[in-house]
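Participant: Quick note: the sequence shown uses UniProt numbering, first residue 1, plus one each step.
From the three backbone atoms N, C-alpha and C, an ideal C-beta is built for every residue, glycine too.
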Amino acid sequence: MREIIQVNIGEAGIRIGDNLIRKLYSNLKEQDIFFEKLNESNNQYGNKDIQRLYQESMTNGLIKPRAVFFDLDPESQNILTNSIQDKLINTESTYFGLESSANNCIRGEITIGKDILENCMEIILRQAEQCDNIQGVIVNHSISGGTGSGLGGSLISRIQIELGIKACMSNMIFPSNNAVDEIIVSPYNAVYGMHTCMEYLSIGNVITNVGLQNHCRYNKRIENPGIPEINDLITDGLSILFQHLMQRNTSGRVLDLQDLCNSLQQLPDLRYMTPSLVVDTYSSLMYSDEKTIANELTKSAFDKSYQFNHGAYSKLQDAIPQSFQVSSHMYSGQAQIRDVMTTLKQMTTVIQQKSEPQMYLMNDNFFVSIQDSLIARRDEEEYSKLKVFSLSQDYAMVNVFQELAENFDKLYSKRAFLHWYLGEGPSEGFFGESREDLANIIQRYEENYNQNQNSVHIDE
């Protein structure tokens, strides 16, 4: 068995994890998969498939997620109240501190976070002991605040060191200049958070609040999306990922987290991905046949308006083109893999002929998985909708890093609010080293992009 543990850190991570578990449970329950002990011949899910993400409760036989929840702020446990009452989450898989990190990454890692680190690791190790052969972890956290960046980095490094796993995927919410981000010192936290965990991550999925807001506005027609709508969008995409991690696809295989990370991380330094989600709206409009819908959704997966991290960087988005080095597409619904692959290869041909100079896609670097929707079959209208969640290595994502670096420099050049952090013990060198790491990441992406552009010019 190749089990996966979900680690949710800080308020943002807990909200995402709680919403994701409730969404998956709702779909499982609708299909009578609420109990782990099932007759494999009577259901599309095998017992072993479910055990990758869930385990059987010793008390009532209900399946429990392999998920843990941590936060320094004791108030965050209120987020899980309904899930605990509904027995979806075990309180033994949660741990909360006595005071918040006050949006300070140093408090989250060194001072207050250090006090609960061992308790958190004990819970994670207890989960790992119940696994036959753990393949990896998926971490949900925001690096804008103190807990997700400070405690999150500490936990990711300890997990890798003590468990020795080869696959660690992080869903990282980055700061952006909009109303949702109310933390003025978030650039300090984010740069430091990237520094503490970058060495131990296999894949980091870069998400911004403004990208999620624009996705909701343009594609869901929600004029003023708030935290509930943003969390729903994130978990809509992650539920497809988790669905592929526990359900056999049309080729009869279950997606392996380690294989997914290895296929996406082409080079050691380029480990940050752009997530995107496209939901079928064509079947109710001008298109009706399955092939055309799959074709349109596949193309839209590369569109900026469907990405989770695009939209905050208007002054840079025209100057920096999209350059997709590698891409993974996970489909939920009715689609044929031959139609999808044909569309991807056609897109590669068109793009490399420079008919779309703002986009470049490397040939044959695709990973595609297709399976039926997890939505209850009795809701035929919802079930028939095709969805695609993709993870792509896109050079245009350097916009996120450049904007973060610019905001960090504005604060750091004036040493604004730096005393909040230095008062917890570290020297200024902590932040200087973190900023250098971010500069190296930007430089590495630029070098890789230029190298690929030169190779295309030579081929032509």
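By the DSSP assignment, the beta strand (DSSP E) with Asp394 in it spans what residues?
Facilitator: First-last of the beta strand (DSSP E) with Asp394: Lys387 to Asp394.
Participant: Should Gly17 go down as buried or exposed, given a rule of 16 or more other Cβ atoms within 10 Å for buried?
Facilitator: Counting Cβ neighbours within 10 Å, Gly17 comes out buried, since at least 16 surround it.
Participant: Could you compute how far the alpha carbon of Ser434 sits from the alpha carbon of Glu296?
Facilitator: If I take the Cα positions, the gap works out to 41 Å.
Participant: List the endpoints of the continuous beta strand (DSSP E) containing Gln322.
Facilitator: Looking at the DSSP string, the run of the beta strand (DSSP E) that includes Gln322 is Gln322 to Ser332.
Participant: For Gln258 versus Val326, is the C-beta spacing smaller than 7 Å?
Facilitator: Against a cut-off of 7 Å, the Cβ pair of Val326 and Gln258 comes out as no contact.
Participant: Mind the definition here: the region 159-173 touches the region 119-139 only if three or more C-beta pairs lie below 8 Å; say whether that holds.
Facilitator: As far as the Cβ criterion goes, the region 159-173 touches the region 119-139, which means the pair count is three or higher.
Participant: Leaving out five residues on either side along the sequence, give the residues of the same chain with a beta carbon under 7 Å from the beta carbon of Ser76.
Facilitator: For Ser76, where only same-chain residues beyond five positions count, the Cβ hits under 7 Å are Glu11, Ile14 and Phe96.
Participant: What do you reckon, are the CB atoms on Gly211 and Phe302 nearer than 7 Å?
Facilitator: Cβ atoms of Gly211 and Phe302: not closer than 7 Å.
Participant: Taking DSSP's pairing of strands, which residues face Gly204 in a bridge?
Facilitator: Partner(s): Ser170 and Tyr272.
Participant: Short of 8 Å in beta carbon distance, which residues of its chain neighbour Ile441, apart from the five on each side in sequence? Order them along the chain.
Facilitator: Once the five neighbours on either side are set aside, the close Cβ partners of Ile441 are Met194, Met198, Asp269, Tyr272 and Phe401.
Participant: Per DSSP, what are the beta-bridge partners of Tyr421 in this structure?
Facilitator: DSSP lists no partner for Tyr421.
Participant: Quick check on the burial criterion: 16 or more other C-beta atoms within 10 angstroms. Buried or exposed for Glu223?
Facilitator: Label assigned to Glu223: exposed.
Participant: Considering only C-alpha positions, which residue in the set Arg338, Arg52 and Ser239 is nearest to Tyr25?
Facilitator: Of the candidates Arg338, Arg52 and Ser239, the one whose C-alpha sits nearest the C-alpha of Tyr25 is Ser239.
Participant: Run through the DSSP bridge pairs and tell me what Leu277 is partnered with.
Facilitator: Per DSSP, Phe389.
Participant: DSSP three-state call for Ala439: helix, strand or coil?
Facilitator: Three-state DSSP puts Ala439 in a helix.
Participant: Distance check for Thr298 and Val340, CA to CA, integer angstroms please.
Facilitator: The alpha-carbon atoms of Val340 and Thr298 are separated by roughly 7 Å.
Participant: Kindly indicate the opening and closing residues of the alpha helix (DSSP H) around Ile116.
Facilitator: Ile116 -> alpha helix (DSSP H) spans Ile112 to Glu129.
Participant: Would you report the Cα separation of Ser305 and Asn399, rounded to the nearest angstrom?
Facilitator: Approximately 15 Å, taken between the alpha carbons.
Participant: I'd like to confirm something about Cys105: is its beta-carbon nearer than 6 Å to some heavy atom of the ligand FMN, or not?
Facilitator: For the ligand FMN, the structure offers nothing, since it holds no ligand at all.
Participant: For the candidate residues Gln130, Gln135 and Met330, whose alpha-carbon lies nearest to that of Arg2?
Facilitator: Considering only alpha carbons, the answer is Gln135.
Participant: Specify whether the region 107-115 and the region 412-426 touch according to this definition: at least 3 beta carbon pairs, one from each stretch, less than 8 Å apart.
Facilitator: As far as the Cβ criterion goes, the region 107-115 touches the region 412-426, which means the pair count is three or higher.
Participant: How would you label Arg253, buried or exposed, when you count the other beta carbons within 10 angstroms and need 16 or more for buried?
Facilitator: Exposed, by the Cβ-count rule.
Participant: Considering Tyr306, what are the terminal residues of the beta strand (DSSP E) in which it resides?
Facilitator: Segment: none, Tyr306 is in no beta strand (DSSP E) and carries neither H nor E.
Participant: Please classify Ile5 as buried or exposed, where buried requires at least 16 other C-beta atoms within 10 Å of its C-beta.
Facilitator: With 16 or more other Cβ atoms within 10 Å, it is buried.
Participant: Within 10 angstroms of the Cβ of Thr81, are there 16 or more other Cβ atoms? Answer buried if so, exposed if not.
Facilitator: By the 10 Å Cβ count, Thr81 comes out exposed.
Participant: Closest to Tyr449 by CA distance: which of Met397, Val191, Tyr192 and Arg248 is it?
Facilitator: Closest option to Tyr449, Cα to Cα, is Met397.
Participant: Could you please give the first and the last residue of the uninterrupted alpha helix (DSSP H) stretch that includes Ile222?
Facilitator: Counting along the chain, Ile222 falls outside any alpha helix (DSSP H), and DSSP gives it neither H nor E.
Participant: Count the other C-beta atoms from every protein chain shown that fall within 10 angstroms of the C-beta of Gln247, then say buried if there are 16 or more, exposed otherwise.
Facilitator: By the 10 Å Cβ count, Gln247 comes out buried.
Participant: Return the CA-CA distance between Val206 and Cys131, expressed in angstroms with no decimal places.
Facilitator: Cα to Cα, the separation comes out at about 29 Å.
Participant: Quick one: using the 10 Å Cβ neighbour count with 16 as the cut-off for buried, is Asn214 buried or exposed?
Facilitator: That one is buried.
Participant: Can you find the residues in the same chain that come closer than 6 Å, C-beta to C-beta, to Pro175, ignoring five residues on each side of it along the sequence?
Facilitator: Within the same chain, Pro175 has close Cβ partners Ser144, Asp181, Ser186 and Ala190.
Participant: Taking the alpha helix (DSSP H) that Gln160 falls in, what are its first and last residues?
Facilitator: Start and end: Gly152 to Leu163.
Participant: Can you name the residues that DSSP bridges to Thr94?
Facilitator: Paired residue(s): Phe69.
Participant: Counting only the same chain and skipping the five closest in sequence on each side, list residues whose C-beta sits under 8 Å from that of Cys216.
Facilitator: Excluding residues within five positions, the ones whose Cβ falls inside 8 Å are Ile222, Pro225, Glu229, Ile230 and Leu233.
Participant: Quick check: what's the CA-CA separation for Arg338 versus Tyr331?
Facilitator: Going from the Cα of Arg338 to the Cα of Tyr331 covers about 13 Å.
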